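Undergrad: If you're matching positions, the sequence shown starts at 2 in my numbering and goes up one per residue.
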Amino acid sequence: MIETDILVAGGGIAGLSATARLGAAGFDVICVDPAPADQPGSDLRTTAFLQPAVETLERAGAWGAMADGAAALSTMRLVDAGGAERAPRETAGFEASELMDRPFGWNVPNIAARAALLDRLEELPNTRLIDRERVTSLVTRRTEALARLESGETVRAKLVLAADGRDSRLREKAGIRAHRWHYGQKALVFAVIMGRPHDGVSTEIHRTGGPLTFVPMPDRDGRPCASVVWMVPGARAGALAELDDRMLAAELELEAMGLFGRLEIAGARAVWPIIAQVAARLTGQRLALVAEAAHVVPPIGAQGLNMSLTDIECLAGLAEEARAAGLDVGGPDLLDTYHRRRHAEMLARVAGIDVLNRAAQAEAQLLRDLRRAGLRAIHEAAPIRHLAMKLGLGVRS
Ligand SMILES: Cc1cc2nc3c(=O)[nH]c(=O)nc-3n(C[C@H](O)[C@H](O)[C@H](O)COP(=O)(O)OP(=O)(O)OC[C@H]3O[C@@H](n4cnc5c(N)ncnc54)[C@H](O)[C@@H]3O)c2cc1C
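Spelled out as structure tokens, the structure:
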């Protein structure tokens, strides 16, 4: 029997971040994940970590190593190209400098983020990653949780975090329902070298079918680089993924309307299905759902993992308060507070992103014109613009 304060089931970026954050706060934490820790993995995505998430990663002691390979995001630019002609008809720039003296956030390759977090867990004496292993069952009692691993080993913990992803087995075992819906879209993900510098501007282009996003990355061989997330109807994603690099670059240049000059595909590509999902409850006895076990959103406005880090920060804060007050870190009071603080905000955010994605998908001209009017209204009035930026950054409760 392995004893610990907190068991984190799932060592994706969210689970590793939770382990590092709680470990840095002095809790004994065990993280379990089937993926081999000595292999880099194949996640080609990048994550735009917004400022509140960066603060959590700083507290976890993992940000320093991530910052080395990160690109600053100082402007979020939305381009509406939903007119009859394929051309920008409304461009709205949201500048971080209007709100603060730092960028909105930093874009980090997922492989680099994972490596930095794994290194941090090695440094922390009170954290342990058990890789090549999974949680197969969970029995909870009033005073403890007993998690059974595939190898037959048992972990006894005061609190279990389900960070085991969108198909969370722990969520299912706890009988917590999740509502999932589809958009008929897929996201094509790859890196590009651009003919023009990005100047720290992250650009989201809206025409129809879904947003096309260019997020700055550090220069490659002295040439400007960006990660592309191109959301399109499923069939088109399949067709685009089949193109050779030259043809894909040509399609992309057309879609980007020349905003970035000549484009060159840099490396492999991946296709991700787009869904949204939200759990009906965030807690069970001795159990808290975090990250994609709790919520999944389309990749718009860099919300997914940033919401997950808000979950983690909320739980870590509550665990620290409980410990300081001599209370149980997995007790019902802490779990109820976590559910109350996170669930309503999470539902609102998932609903907001759902609306944005449907607006980006819009085909009917009237809807595309409404979308343009909405963007203009949000951008033109400074108080509304600032509110939109603050909401995008994520309100921490
Ligand atoms: C194209 C795209 C772009 C994105 N860009 C951004 C962005 O810029 N900013 C942002 O904030 N978010 C972004 N997101 C969202 C973000 O990538 C995800 O939220 C995040 O990667 C999910 O991490 P996770 O740790 O919750 O889940 P996962 O990465 O799915 O991790 C779950 C882990 O649990 C493990 N596991 C499963 N079952 C068990 C078990 N029984 N026991 C133990 N372990 C188990 C799995 O092996 C896996 O490692 C993007 C998403 C997409 C699709």
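Glycine included, C-beta positions come from ideal geometry on N, C-alpha and C.
Predicted model only: the values in this text are computed from it and were never measured.
Classify residue 398 as buried or exposed, calling it buried when 16 or more other Cβ atoms lie within 10 Å of its own Cβ.
TA: The count along the sequence shown starts at 1 and reaches residue 398 at position 397. Confidence in residue 398 is poor, its pLDDT being 45 and thus under 50, which makes the residue's placement unreliable; the coordinate value appears in the next sentence. Exposed is the call here.
Undergrad: Tell me, which residues are paired with residue 41 by DSSP?
TA: On the sequence shown, position 40 is the one that residue 41 refers to. Answer is none; residue 41 lacks a bridge partner.
Undergrad: Below 8 Å on the Cβ atoms is my contact criterion, and I expect residue 209 with residue 78 to pass it. Report the Cβ-Cβ distance as a whole number of Å.
TA: If you number the sequence shown from 1, residue 209 lands on position 208. If you number the sequence shown from 1, residue 78 lands on position 77. No, residue 209 and residue 78 are not in contact; Cβ-Cβ is about 19 Å, not under 8 Å.
Undergrad: Between the alpha carbons of residue 180 and residue 355, how many angstroms are there, rounded?
TA: Translated into the one-based positions of the sequence shown, residue 180 becomes position 179. Translated into the one-based positions of the sequence shown, residue 355 becomes position 354. Each residue's Cα considered, the two are about 13 Å apart.
Undergrad: Count the other C-beta atoms from every protein chain shown that fall within 10 angstroms of the C-beta of residue 366, then say buried if there are 16 or more, exposed otherwise.
TA: Start at 1 with the first residue of the sequence shown, and residue 366 comes out as number 365. Under this definition residue 366 is an exposed residue.
Undergrad: With distances taken Cα to Cα, identify the nearest neighbour of residue 342 among 317, 93, 23 and 112.
TA: Reading the sequence shown from its first residue, position 341 is the one you call residue 342. For residue 342, the nearest C-alpha among the options comes from 317.
Undergrad: Say yes only if the C-beta of residue 355 is nearer than 7 Å to one or more non-hydrogen atoms of ligand 1, and no if none qualify.
TA: Within the sequence shown, residue 355 is the residue found at index 354, counting from 1. No.
Undergrad: State the CB to CB distance for the pair residue 106 and residue 303, rounded to an integer number of angstroms; the pair is presumed to be in contact (CB under 8 Å).
TA: The residue labelled residue 106 in the question sits at position 105 within the sequence shown. The residue labelled residue 303 in the question sits at position 302 within the sequence shown. Between residue 303 and residue 106 the Cβ distance is about 7 Å, and since that is below 8 Å, they are a contact.
Undergrad: In the DSSP assignment, find the unbroken beta strand (DSSP E) run with residue 224 in it and report its ends.
TA: Within the sequence shown, residue 224 is the residue found at index 223, counting from 1. Unbroken beta strand (DSSP E) run through residue 224: 224-234.
Undergrad: Tell me whether the beta-carbon of residue 47 lies closer than 8 Å to the beta-carbon of residue 218.
TA: Numbered from its first residue, the sequence shown carries residue 47 at position 46. Numbered from its first residue, the sequence shown carries residue 218 at position 217. Against a cut-off of 8 Å, the Cβ pair of residue 218 and residue 47 comes out as a contact.
Undergrad: How about residue 309: is its Cβ closer than 7 Å to a heavy atom in ligand 1?
TA: As a working mapping, residue 309 is identified with position 308 in the sequence shown. Result yes, Cβ under 7 Å from ligand 1.
Undergrad: Can you tell which of 215, 189 and 118 has its C-alpha closest to the C-alpha of residue 195?
TA: Translated into positions along the sequence shown, residue 195 becomes position 194. It is 215.
Undergrad: Please list the terminal residues of the continuous beta strand (DSSP E) segment that includes residue 78.
TA: By one-based count along the sequence shown, residue 78 stands at place 77. Note, residue 78: beta strand (DSSP E), 76-81.
Undergrad: Say whether the region 131-146 touches the region 64-75, bearing in mind that this needs 3 or more beta-carbon pairs closer than 8 Å, one atom from each stretch.
TA: Because the criterion of three Cβ pairs below 8 Å is not met, the region 131-146 and the region 64-75 do not touch.
Undergrad: Apply the 10 Å Cβ neighbour rule to residue 15 and answer buried if 16 or more other Cβ atoms are within range, or exposed otherwise.
TA: Looking up residue 15 in the sequence shown gives position 14. So residue 15 counts as buried.
Undergrad: Quick check on DSSP: helix, strand or coil for residue 301?
TA: In the sequence shown, counting from the first residue as 1, residue 301 sits at position 300. Three-state result, residue 301: coil.
Undergrad: May I have a chain-ordered list of the beta strand (DSSP E) segments no shorter than 3 residues that lie completely inside the region 134-175?
TA: If we require 3 residues or more, the beta strand (DSSP E) runs fully inside the region 134-175 come out as 136-141, 146-150, 155-158 and 160-163.
Undergrad: Just to check, is the beta-carbon of residue 136 closer than 7 Å to a non-hydrogen atom of ligand 1?
TA: Sequence index remark: in the sequence shown, residue 136 carries index 135 (1-based). Checking every heavy atom of ligand 1 against the Cβ of residue 136, one is found closer than 7 Å.
Undergrad: Pick out whichever of 41, 97, 172 and 123 has its Cα sitting closest to the Cα of residue 112.
TA: Numbered from its first residue, the sequence shown carries residue 112 at position 111. Of the candidates 41, 97, 172 and 123, the one whose C-alpha sits nearest the C-alpha of residue 112 is 41.
Undergrad: Using a beta-carbon distance below 8 Å, is residue 320 in contact with chain B?
TA: The structure shown has no chain B; it contains just one protein chain.
Undergrad: Please confirm whether any heavy atom of ligand 1 lies closer than 7 Å to the CB of residue 304.
TA: The residue given as residue 304 occupies position 303 in the sequence shown. Because some heavy atom of ligand 1 lies under 7 Å away, the Cβ of residue 304 counts as near it: yes.
Undergrad: If you draw a straight line from the alpha carbon of residue 116 to that of residue 238, how long is it in whole angstroms?
TA: Within the sequence shown, residue 116 is the residue found at index 115, counting from 1. Within the sequence shown, residue 238 is the residue found at index 237, counting from 1. One C-alpha to the other measures close to 29 Å.
Undergrad: Hey, quick one: how far does the alpha helix (DSSP H) through residue 384 stretch, first residue to last?
TA: Counting from one through the sequence shown, the residue named residue 384 turns up at place 383. Taken as a continuous stretch (DSSP letters only), the alpha helix (DSSP H) holding residue 384 covers 383-394.
Undergrad: Put residue 329 into one of helix, strand or coil per three-state DSSP.
TA: Walking along the sequence shown from the start, residue 329 turns up at place 328. Note: residue 329 maps to coil in three-state DSSP.
Undergrad: Excluding five sequence neighbours on each side, which residues of the same chain lie with their C-beta closer than 7 Å to the C-beta of residue 2?
TA: Against the sequence shown, residue 2 aligns to sequence position 1. Cβ neighbours of residue 2 beyond the five flanking positions: 155 and 157.
Undergrad: Does the region 20-34 come into contact with the region 316-331, if we say contact requires no fewer than three beta-carbon pairs (one atom in each stretch) closer than 8 Å?
TA: Yes, the region 20-34 touches the region 316-331.
Undergrad: Can you look up residue 86 in the DSSP assignment and give me helix, strand or coil?
TA: In the sequence shown, residue 86 corresponds to position 85, counting from 1. Here residue 86 sits in coil by DSSP.
Undergrad: Using a Cβ-based criterion (distance less than 7 Å to any ligand heavy atom), does residue 177 qualify as near ligand 1?
TA: Working through the sequence shown from its first residue, we reach residue 177 at position 176. No; taking the cut-off as 7 Å, the Cβ of residue 177 has no heavy atom of ligand 1 nearer than that.
Undergrad: How about residue 273: is its Cβ closer than 7 Å to a heavy atom in ligand 1?
TA: In the sequence shown, the residue the question calls residue 273 occupies position 272. Yes, Cβ of residue 273 sits closer than 7 Å to a heavy atom of ligand 1.
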